[in-house]
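Notes to accompany the following structure.
Below, the structure written as structure tokens:
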């Protein structure tokens with residue numbers, strides 16, 4: 001999707017929403033006005049908010065939360081949450097400090113080395129990222145502790161609704177933690193709601209400040225740490241769910257029995273007749289067995305790294321032999337392969353070369369031969385003629401650059417699928433799934449959808465927890481740091497010796513945490529830009 005189209009849709013949506021809200025309020029549309037009062041629905045410039053005060057009455061008056069066993073469980077639950085949040089805060093300070101030093105060192109030493117890396121390594125990285133569907137897997141001369149989420153670049157546009165939903169779930173779970181902890185500590189909730197700012201969804205909890213100031217420091221920590229703790233717990237649930245998907249899916253799907261093609265992009269050569277089709281089950285690439293996505297990737301990487309030959313009878317090779325002069329002249333028309341076949345055989349045949357070892361000459365001659373690609377790829381593989389018996393010779397596809405002759409073995413197909421092209425393009429243009437339906441009733445994309453959903457929930461919820469644990473302004477870490485510093489130095493006046501130290505320590509911790517977070521965010525974009533240039 002073009003950036004201009006995206007911007008037009010964004011501005012059009014918010015303009016329409018703002019105008020609808022404005023005219024409904026201007027003409028006092030009763031149902032709309034009542035809905036707005038009941039839900040706290042407010043529309044402003046690039047912002048939408050819904051707020052309710054019923055959460056306090058619902059949770060506070062519920063008989064479930066008044067039971068002694070539930071109260072004891074919640075006390076223990078949020079007690080563990082305090083420890084988890086404080087450990088997360090310390091971990092993030094150490095982690096970001098180490099990452100900042102590493103990234104600054106990389107920035108200082110990498111500029112002179114750019115462009116000197118092996119291009120094949122970059123190809124392997126692109127294939128890894130394409131198959132995993134995660135831009136975070138990309139490797140560059142610079143590494144980053146954070147990876148920015150950029151729609152259309154490392155997140156497909158088709159996944160934006162799912163991403164939006166997961167962000168809302170993670171935000172709601174975070175704020176419900178604060179709300180539940182506040183109710184458990186007898187602190188009133190003035191409001192609970194959700195919002196959307198531009199394209200970012202979230203949630204919020206408004207606590208009664210007077211009641212909050214009256215509780216002890218440890219009870220405050222329970223409330224402030226609850227959001228981080230709940231996000232960590234949600235991430236754990238998502239991780240467990242991801243591990244259970246293969247076992248649950250085994251009822252309706254085959255696992256580790258090959259991969260199923262779920263999509264082939266139209267611009268790929270594999271989308272034509274005789275190529276891969278949606279629903280094909282690939283169980284091998286060349287002579288590499290494919291069991292799942294991981295082995296699919298490994299086979300593609302191996303195919304890209306090594307161009308194997310095939311042992312063919314010398315009589316067959318000689319029959320298709322082409323003159324060297326004509327083969328070299330034909331190669332001028334293509335930058336990826338030598339053309340030594342006649343036009344009427346070019347669709348099924350391919351030019352191969354082999355090395356002719358002369359007994360009288362000290363050098364090795366290279367000869368070309370036009371052979372059927374399907375016939376050749378069905379023979380034993382070799383890397384050198386010495387790997388073949390005396391009556392055969394090792395022939396290699398006459399291909400250049402990263403172009404390869406790839407043979408896909410498809411289940412229930414009479415012949416394999418042959419493809420001449422870039423291995424990287426196969427990884428980018430072909431989408432596969434680990435799960436093969438046992439029958440036509442089972443939805444093809446269902447396991448992959450839930451796998452992606454839980455992966456997003458784990459990643460974003462864990463990121464929410466770690467970010468909010470950082471002692472940074474406007475994050476939970478700010479309030480956690482304030483309570484901890486006050487607890488260490490005690491209730492002293494700001495003019496006293498300990499009061500001045502308390503103020504200094506708090507400001508230093510907040511400045512350092514904010515500096516680390518801002519630096520990590522800036523460097524993440526810089527490192528990601530470097531990775532795109534590198535690839």
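Numbering (UniProt numbering), first residue to last: 1 to 535. Idealized CB from N, CA, C, for every residue including glycine.
Query raised in the report: Alpha carbon to alpha carbon, how far is residue 278 from residue 407?
Result: 17 Å
Query raised in the report: residue 338 lies in the beta strand (DSSP E); which residues open and close that run?
Result: Careful: residue 338 lies outside any beta strand (DSSP E) and carries neither H nor E.
Report task. With DSSP as the reference, please indicate the residues paired to residue 407 in a beta bridge. Result -> Answer is 418, bridged to residue 407.
Report task. May I ask you to list the residues that DSSP assigns as paired with residue 309? Result -> 382
Query raised in the report: Taking 7 Å as the line, does the beta carbon of residue 435 fall inside it for any heavy atom of the ligand NAD?
Result: With respect to the ligand NAD, the structure offers nothing, as it holds no ligand at all.
Query raised in the report: Going by beta carbon distance, what residues of the same chain come within less than 7 Å of residue 410, once the five residues before and after it are set aside?
Result: 280, 281, 282, 416, 417
Query raised in the report: Which one of 77, 430, 473, 240 has the shortest CA to CA distance from residue 272?
Result: Selected option, being the one with the closest Cα: 430.
**Report entry** For residue 265, three-class secondary structure by DSSP
**Finding:** coil
Query - Straight-line Cα distance separating residue 219 from residue 231 - result: 19 Å
Query raised in the report: So residue 586 packs on residue 296, CB below 8 Å; how close in whole Å?
Result: In the structure as shown, the chain begins at 1 and stops at 535. Residue 586 is therefore absent and cannot be evaluated.
Query raised in the report: What are the uninterrupted segments assigned as alpha helix (DSSP H) that are 4 or more residues long and contained completely in the region 211 to 293, given in chain order?
Result: 217 to 249
**Report entry** Nearest-angstrom Cβ-Cβ length linking residue 197 and residue 47, presumed shorter than 8 Å
**Finding:** 5 Å
Query raised in the report: Can you check whether the CB of residue 208 is closer than 8 Å to the CB of residue 194?
Result: no
Query raised in the report: Thinking C-beta only, is residue 78 closer than 8 Å to residue 181?
Result: yes
**Report entry** Pairwise C-alpha distance: residue 238 and residue 353
**Finding:** 53 Å
Report task. Would you list the residues sitting across from residue 196 in a DSSP beta bridge? Result -> 48, 201
Query raised in the report: Apart from the five residues on each side of it in sequence, which residues of its chain come closer than 6 Å, Cβ to Cβ, to residue 32?
Result: Closer than 6 Å at Cβ, skipping near neighbours: 24.
Requested in this report: From the DSSP output, read off the bridge partner residues of residue 365.
Outcome: 356
Report task. Taking 8 Å as the cut-off, decide whether the C-beta atoms of residue 456 and residue 166 are in contact. Result -> Yes, they are a contact pair.
Query raised in the report: Given a threshold of 16 other Cβ atoms within 10 Å of its Cβ, counted over all protein chains shown, does residue 445 qualify as buried or as exposed?
Result: exposed
**Report entry** Neighbourhood of residue 327 by C-beta distance below 6 Å, restricted to the same chain and skipping five residues each side
**Finding:** Since pLDDT at residue 327 reaches only 47, below the 50 mark, its modelled position is unreliable, and no value is offered.
Query raised in the report: Helix, strand or coil: how does DSSP classify residue 490 here?
Result: coil
Query raised in the report: Of the residues 97, 221, 86, 178, which one's Cα is nearest the Cα of residue 512?
Result: Its Cα nearest to that of residue 512, the residue 97 stands out among 97, 221, 86, 178.
Query raised in the report: Start and end of the alpha helix (DSSP H) containing residue 468?
Result: 446 to 469
Requested in this report: Report the option in 11, 405, 302 whose CA atom is closest to the CA atom of residue 270.
Outcome: 405
Report task. Using three-state DSSP, classify residue 187 as helix, strand or coil. Result -> coil
Query - Nonlocal neighbours in the same chain, by C-beta distance under 8 Å from residue 84, ignoring five residues either side - result: 225, 228, 229, 232
Requested in this report: Taking 8 Å as the cut-off, decide whether the C-beta atoms of residue 199 and residue 528 are in contact.
Outcome: No. Outside cutoff.
Requested in this report: Would you mind sorting residue 285 into buried or exposed? The rule is 16 or more other CB atoms within 10 Å of its CB.
Outcome: buried
Query raised in the report: Taking the alpha-carbon positions, what's the residue 462 to residue 289 distance?
Result: So the two alpha carbons sit approximately 35 Å from each other.
Query raised in the report: Under three-state DSSP, which class holds residue 3?
Result: It is helical.
Query raised in the report: Just reading off the alpha helix (DSSP H) that residue 315 is part of, what are its end residues?
Result: 314 to 319
Query raised in the report: Going by beta carbon distance, what residues of the same chain come within less than 6 Å of residue 100, once the five residues before and after it are set aside?
Result: 519
Query raised in the report: Are at least three pairs of beta-carbons, each pair with one atom in the region 244 to 262 and one in the region 476 to 488, less than 8 Å apart?
Result: no
Requested in this report: Would you check if the region 147 to 160 and the region 8 to 19 touch, i.e. whether three or more CB-CB distances between them fall below 8 Å?
Outcome: Note that the region 8 to 19 does not touch the region 147 to 160; fewer than 3 beta-carbon pairs, one per stretch, sit closer than 8 Å.
Requested in this report: Over the uninterrupted alpha helix (DSSP H) stretch that includes residue 39, give me the two end residues.
Outcome: 30 to 39 is the span of the alpha helix (DSSP H), which, as asked, contains residue 39.
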